[in-house]
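Just below is one structure, and these are the notes that go with it.
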Amino acid sequence: MNLHQRGSDLINQLKDHVLEVLRSHPDAGPGFKGVLQEEVARRAGLHSMGNVELDHTCGEMLKWEGLIERVTGNGSDDKKKGWRLCNT
Numbered sequence: 453m454n455l456h457q458r459g460s461d462l463i464n465q466l467k468d469h470v471l472e473v474l475r476s477h478p479d480a481g482p483g484f485k486g487v488l489q490e491e492v493a494r495r496a497g498l499h500s501m502g503n504v505e506l507d508h509t510c511g512e513m514l515k516w517e518g519l520i521e522r523v524t525g526n527g528s529d530d531k532k533k534g535w536r537l538c539n540t
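If you read the sequence shown in the numbering used here, its first letter stands for residue 453, the second for the next number, and so on.
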């Protein structure tokens with residue numbers, strides 16, 4: 453496997469991991485209030501990197517694929533962004 457293929461495989465593993473985190477959270481289902489991005493990062497073990505860009509980037513990729521949608525303000529902080537699964 454070359455470096456490009458390994459990179460693509462890692463991205464797909466990360467997306468699958470974030471989807472698993474969302475599927476296991478009771479507030480992340482379609483039509484629910486969603487889960488704050490920081491909570492997704494914490495549950496996924498990505499918070500220890502000290503940077504939310506990785507989970508944000510992963511979230512954006514999943515959004516483009518129509519698997520999740522962004523929600524704002526889930527009651528705890530109306531300015532923070534969160535994610536929830538789409539009805540697909």
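Backbone N, C-alpha and C fix where the C-beta goes; we use that ideal spot for every residue, glycine too.
Once you ignore the five residues that flank residue i on each side, which residues in its own chain have a CB closer than 6 Å to its CB?
| i | result |
| --- | --- |
| residue 495 | 473 |
| residue 532 | 488 |
Quick test of your reading: residue i and residue j, contact by CB under 8 Å. State the CB separation rounded to the nearest angstrom.
| i | j | result |
| --- | --- | --- |
| residue 477 | residue 487 | 5 Å |
Are the Cβ atoms of residue i and residue j separated by less than 7 Å?
| i | j | result |
| --- | --- | --- |
| residue 522 | residue 480 | no |
Skipping 5 residues on each side, what residues in its chain have a beta carbon closer than 7 Å to that of residue i?
| i | result |
| --- | --- |
| residue 513 | 467 |
| residue 460 | none |
Check whether the region 455-462 touches the region 505-521, taking contact to mean three or more Cβ pairs, one atom from each stretch, closer than 8 Å. no
What residue ranges within the region 462-524 form continuous beta strand (DSSP E) runs of no fewer than 3 residues, ordered along the chain? Here the runs fully enclosed are 520-524.
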